[in-house]
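Chains Y and H supply the protein sequences, listed in that same order. Residue numbers for the first sequence follow the working numbering, beginning at 363 and rising by one. Residue numbers for the second sequence follow the working numbering, beginning at 363 and rising by one. Idealized CB from N, CA, C, for every residue including glycine. Note that this is a predicted model, so its numbers are computed, not measured.
Number of protein chains: 2
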Amino acid sequence: MRSVLAIVFLSLVPSAAVFGADAAAVQGAVRSWIRAHERDVLREFADVLAIPNLASDGPNIRRNAEHIAAMLARRGIATRLLDGEGGPPVVYGERAVPGARRTVVIYAHYDGQPVDPAKWTSPPWKPVLRDGPLEAGGREVALDAAPTGPEWRIYGRSAGDDKAPIVALAAAIDALQAAGIAPTVNLKLFLEGEEEAGSPHLQAVLEKNKERLRADAWLLCDGPVHQTRRPQVFFGARGVTDVEITLYGPARALHSGHYGNWAPNPAVALAHLVAGLRDTDGRIQIAHFYDDVRPLTPAEREALASVPDVDAELRRELALAVTEAGGARLAERILLPALNLRGLESGAVGERAANAIPTEARASIDFRLVPDQTPARVRERVEAHLRAQGYAITYETPSLDARRAQPKLVRLAWGSGYPPARTDMGSPFARALVAVTGEAAGGPVVRMPTLGGSVPMHLFVETFGVPVVGLPIANHDDNQHAADENLRLQNLWDGTAAFASVLARLGEEWR
Amino acid sequence: MRSVLAIVFLSLVPSAAVFGADAAAVQGAVRSWIRAHERDVLREFADVLAIPNLASDGPNIRRNAEHIAAMLARRGIATRLLDGEGGPPVVYGERAVPGARRTVVIYAHYDGQPVDPAKWTSPPWKPVLRDGPLEAGGREVALDAAPTGPEWRIYGRSAGDDKAPIVALAAAIDALQAAGIAPTVNLKLFLEGEEEAGSPHLQAVLEKNKERLRADAWLLCDGPVHQTRRPQVFFGARGVTDVEITLYGPARALHSGHYGNWAPNPAVALAHLVAGLRDTDGRIQIAHFYDDVRPLTPAEREALASVPDVDAELRRELALAVTEAGGARLAERILLPALNLRGLESGAVGERAANAIPTEARASIDFRLVPDQTPARVRERVEAHLRAQGYAITYETPSLDARRAQPKLVRLAWGSGYPPARTDMGSPFARALVAVTGEAAGGPVVRMPTLGGSVPMHLFVETFGVPVVGLPIANHDDNQHAADENLRLQNLWDGTAAFASVLARLGEEWR
């Protein structure tokens, strides 16, 4: 392994490369390289987006890992697939830099959220380039067209979440190499393949590779930049867990005339159950749910106060007349736990609706957790709430006899989840990162005490005890987790510039 | 037309036919004819079940009408298709009987409920014969197999609701003719093609053909027999109306981490809206909803008291630990209005669930009405209820600007519906019908003040002012309105015997 790395460095960092280039030199070189290579970067992006990437789809998720490993290896990164300990492989890479004092691990994930292809304008794994967002009438253009504006988008599952950082980092390496600018930090790469499935094997992989992954800091590249389109760094992330809830009605669907009003309707019971979990203002009605919420520190309050207010613009963009919690700011709301009803399903609506009492009703919920909540505690409290309402809980599909015996029977299927995390906003690494990303952005970056979304930050904090900070590059309006996911091209270019600054400048500022 | 009918009678009612055969002779002849012709009847049934029969499917619904008209014409019924006045054609037939003093119109419908093919074990319009119900492990047998037991079933959309009476009536005509037994009533047939779509053009068709349809009584052949499998006649039917409810969330699906807790979740709002419409015990929470419910007459109370109690057995069969309204009897419950939640849909559940805030949420509701409720009044009260909760109501898909302007916006799409009806349980026709159907059943029939389901009985009552009574033949466990709809073969044979008794005996008993 060592000898391979050594050979790589010889070819990668020619003796003429500048170590410790200044901010202006780095940005000038990278931005002009990008202008000359936009189509090359997009071609590489489209290739990686074309591979279906559900963590549960074994053969395809492995194809993603192998494809990405080859991308990195072509750039002289010593790359290998780490055993996923039961999950998809982790794409691991490393690149030591002679003279660098610090080592940073960059994390991203190459798997994507489930898709409902019927809702997509173009198939989720057929990358499509458009000359603007779909909502603004963006038209499809050839994949090898030369972009003419910042608002062009590339559509495909994981365009934003989370293949963009992988492609941007690769482009940043190319740009620096072309300019003869040397990195100033040793780089390790850790690209996960089951983040959207809740990272159930991540802890085992980190433990197993603890030595290999030793570093001075982790950089988590996931999530969106600020809604102002200004870059942001985040110092925490909400945890997550989820549950599928099923209620049962009659053993067979019944004519609503002959039995309506007598046979219990499970969809009605579900509506009552769900309405009892939270109000329409987002307030969770489960007893003691907020007991574990840790107060903000003064530094977090100060950072929060400086976060730009984008609520009015977001409401307009999202066609919302009001927001939950009486108009409280988005930046504040994501510091609290959330119960999101991600799906309801029972019987049928519209053209397919029949006058029948459904046999079952299902709800799907995801929870976002903040320090010091844990998935196990959330589960306990939800189950206590349901039991207090008279529900008997089962974790398997109940038999008809069980349904005959239990007046209120609920099936719960909990997903795996993970707790939230927050790290120190004042560490030397954090300050250096804020500085160098600000150089790339040409102005101050937004410092968020926490990301609203979830990344398994807590595992890195707990396993390695080093600073862990988030650096997202995707646009906020990328439809991540939904149909027509996309990346705004200017975010790809800005992300490339940010990674170049991290590689070339972080070692200088990190003192 | 007249001359055609005259020729038909010559061939149909040979001079040797017996007019006024007694009950034993009729039942003996018919039951032995059935035993010899089961496979012929099933073949004819399968042919008519194989034609897709959604009222909205113009070409196919017409194929049904033409196929059924040909079936009747083959039996010497003077048949024609009446213009549907904008809806599917009505299959009309008539057969005058020399010497008959009374004329009865038999009503059934040949259209079926919408289907969700994914939920069916075999395709809805591919008739399949089984040697028992699917729930009891009934195995598929060849369509031309000779049935060996009463529990065999034929599966297909409208097997029970409502093609069975059409096939049974045709078989009864064949059986009587083979036995040389003459009918004792003039027969008219009125077979509708859009009952499951709410019969929006029925009133116009009845008005247009008022003279042609003049008769002494109507017999509505729709719905199921009693759950004891004893025949029943019904003297009323619940009315029906329905509404599709849509609530709106963000203009695009949002990541539940970055926006959960801030962007309103339409599925949560829908759960609260639905929970506010009715409780889990079936009690409708809409103000003044029960104001129009007419009290029962003494005769109706007496009939109700004599209805066999099947609740415990039904609970077991349907795997229900409890029923709504604290265990009140089914027969009583269907005398009240019902609000049935027939569907809920938002986001996705299970494997397809993504951590996103849905853009909209939909509920589909059907209402069952009792005298003196009307669909218009129900609509008024539902809309007043929603407005009282702060909802602005729209009937079209709202623009994004409308969504920006209205904090609580609901889209309603009302289906057409019709009011309930009840008729006199003591009319000579009603008494005669109870008598002759009892002869066919070999025991007393169940007299129901109302059918829980809906048939547009009110239109016949209002248009013609003659007795209108219901005579269903389908089994109660036929999955009507749901997947795997079926007819129990013994119900087909018993229904054939009942129709034979009506044709051959009603004129004698009706005094």
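Neighbour-count burial assignment, residue 751 (chain H), 16 or more Cβ in a 10 Å radius: Under this definition residue 751 (chain H) is an exposed residue.
Interface partners of residue 464 (chain H) on chain Y, CB under 9 Å: None at all; the shortest Cβ gap to chain Y is about 30 Å.
Near-chain Y residues of the segment 822 to 842 of chain H - C-beta to any C-beta below 9 Å: Answer in chain order: 838, 839, 840, 841 and 842.
Contact check, residue 816 (chain H) vs residue 600 (chain H), beta carbons under 7 Å: If you check the CB distance, residue 816 (chain H) and residue 600 (chain H) come in under 7 Å.
Outcome for residue 872 (chain H) when other beta-carbon atoms lying within 10 angstroms are tallied against a minimum of 16: Counting Cβ neighbours within 10 Å, residue 872 (chain H) comes out buried, since at least 16 surround it.
Contact set for residue 458 (chain H): own chain, Cβ-Cβ below 6 Å, skip 5 residues either direction: If we look at residue 458 (chain H) and ignore the five residues flanking it on each side, its Cβ neighbours are 548.
The segment 662 to 679 of chain H in contact with the segment 587 to 595 of chain H per 3-pair CB rule at 8 Å: A contact exists between the segment 662 to 679 of chain H and the segment 587 to 595 of chain H.
Residue 757 (chain Y): contacting residues in chain H (beta-carbon distance under 8 Å): For residue 757 (chain Y), no chain H residue has a C-beta closer than 8 Å to its own C-beta; the minimum C-beta separation is roughly 15 Å.
Closer than 7 Å to chain H by CB, residue 368 (chain Y): The pLDDT assigned to residue 368 (chain Y) is 36, lower than 50, so where the model puts this residue is not dependable; a value taken from the coordinates is nonetheless given after this. Residue 368 (chain Y) does not count as touching chain H.
Cβ neighbour criterion (16 or more within 10 Å) applied to residue 510 (chain H): Burial check for residue 510 (chain H): the Cβ neighbour count within 10 Å stays below 16, so the residue is exposed.
Residue 848 (chain H) (DSSP reduced to helix, strand or coil): Looking at residue 848 (chain H) - three-state DSSP - the assignment turns out to be strand.
Range of the contiguous beta strand (DSSP E) that encloses residue 548 (chain H): It spans 548 to 554 - the beta strand (DSSP E) in which residue 548 (chain H) sits, taken as one unbroken run.
Chain H contact residues for residue 768 (chain Y), given Cβ-Cβ distances below 7 Å: For residue 768 (chain Y), the chain H residues whose C-beta falls within less than 7 Å of its own C-beta are 683, listed in chain order.
Residue 411 (chain H) versus residue 419 (chain H) - alpha carbon distance: Taking the straight line from one Cα to the other gives about 15 Å.
Counted within 10 angstroms of its Cβ, other Cβ atoms place residue 832 (chain Y) as buried (16 or more) or exposed: Its Cβ being crowded by 16 or more others within 10 Å, residue 832 (chain Y) is buried.
CB contact below 7 Å: residue 624 (chain Y) versus chain H: Taking Cβ atoms only, chain H reaches closer than 7 Å to residue 624 (chain Y), which makes this a yes.
Contact belief for residue 539 (chain Y) with residue 654 (chain Y) at Cβ below 8 Å, rounded distance in angstroms: About 48 Å; that fails the 8 Å criterion.
Under 8 Å from the C-beta of residue 774 (chain H): neighbouring residues of chain Y: Contact of residue 774 (chain H) with chain Y by beta-carbon distance below 8 Å is absent, the smallest such distance being about 13 Å.
Residue closest to residue 489 (chain Y), alpha-carbon to alpha-carbon, out of Y:499, Y:519 and Y:500: Checked all of Y:499, Y:519 and Y:500; the closest Cα to residue 489 (chain Y) is Y:519.
is_contact[residue 781 (chain H), chain Y] using C-beta, thresh 7 Å: It does not; no Cβ of chain Y falls within 7 Å.
Residues that DSSP places opposite residue 617 (chain H) in a beta bridge: Answer is H:718, bridged to residue 617 (chain H).
Identity of the residues DSSP links to residue 324 (chain Y) by a beta bridge: The first residue shown for chain Y is 363 and the last is 873, placing residue 324 (chain Y) beyond what the model contains.
Inter-residue Cα distance where the pair is residue 733 (chain Y) and residue 602 (chain H): For residue 733 (chain Y) and residue 602 (chain H), the distance between alpha carbons rounds to 52 Å.
Beta carbon of residue 615 (chain Y) nearer than 7 Å to that of residue 721 (chain Y): Contact: yes.
Beta-carbon contacts of residue 662 (chain Y) that lie in its chain and below 6 Å, excluding the five residues immediately before and after: So the qualifying residues of the chain are 811.
Chain H contacts from the segment 452 to 477 of chain Y (Cβ-Cβ distance under 7 Å): For the segment 452 to 477 of chain Y, the set of residues with a beta-carbon nearer than 7 Å to any beta-carbon of chain H comprises 475 and 476, in chain order.
Buried versus exposed, by CB contacts within 10 Å (16 or more), residue 473 (chain Y): Residue 473 (chain Y) sits buried, since 16 or more C-beta atoms from the chains shown fall within 10 Å of its C-beta.
Candidates Y:544, Y:835 and Y:756: closest to residue 388 (chain Y) by CA position: Closest option to residue 388 (chain Y), Cα to Cα, is Y:544.
Residue 695 (chain H) at chain Y interface by Cβ criterion, 7 Å: Chain Y contact via Cβ: present.
DSSP three-state assignment for residue 791 (chain H), whether helix, strand or coil: Helix.
Residues within the segment 695 to 714 of chain H neighbouring chain Y, beta-carbon criterion of under 7 Å: Those would be 695, 696, 698, 700, 702, 703, 704, 705, 706, 707, 708, 709, 710, 711, 712, 713 and 714, in chain order.
Residue burial classification, residue 814 (chain H) (beta-carbon count within 10 angstroms, cutoff 16): Buried, because 16 or more other Cβ atoms sit within 10 Å of the Cβ of residue 814 (chain H).
Rounded separation between residue 867 (chain Y) and residue 460 (chain Y) - CA only: Taking the straight line from one Cα to the other gives about 15 Å.
Residue 842 (chain Y) beta carbon less than 7 Å from that of residue 522 (chain Y): Yes. Within cutoff.
Three-pair Cβ contact test at 8 Å for the segment 799 to 809 of chain Y versus the segment 744 to 764 of chain Y: Cβ pair count under 8 Å is below three, so no.
Pick from H:716, H:451, H:492 and H:446 that is closest to residue 560 (chain Y), judged by C-alpha positions: Nearest to residue 560 (chain Y) by C-alpha distance, out of H:716, H:451, H:492 and H:446, is H:716.
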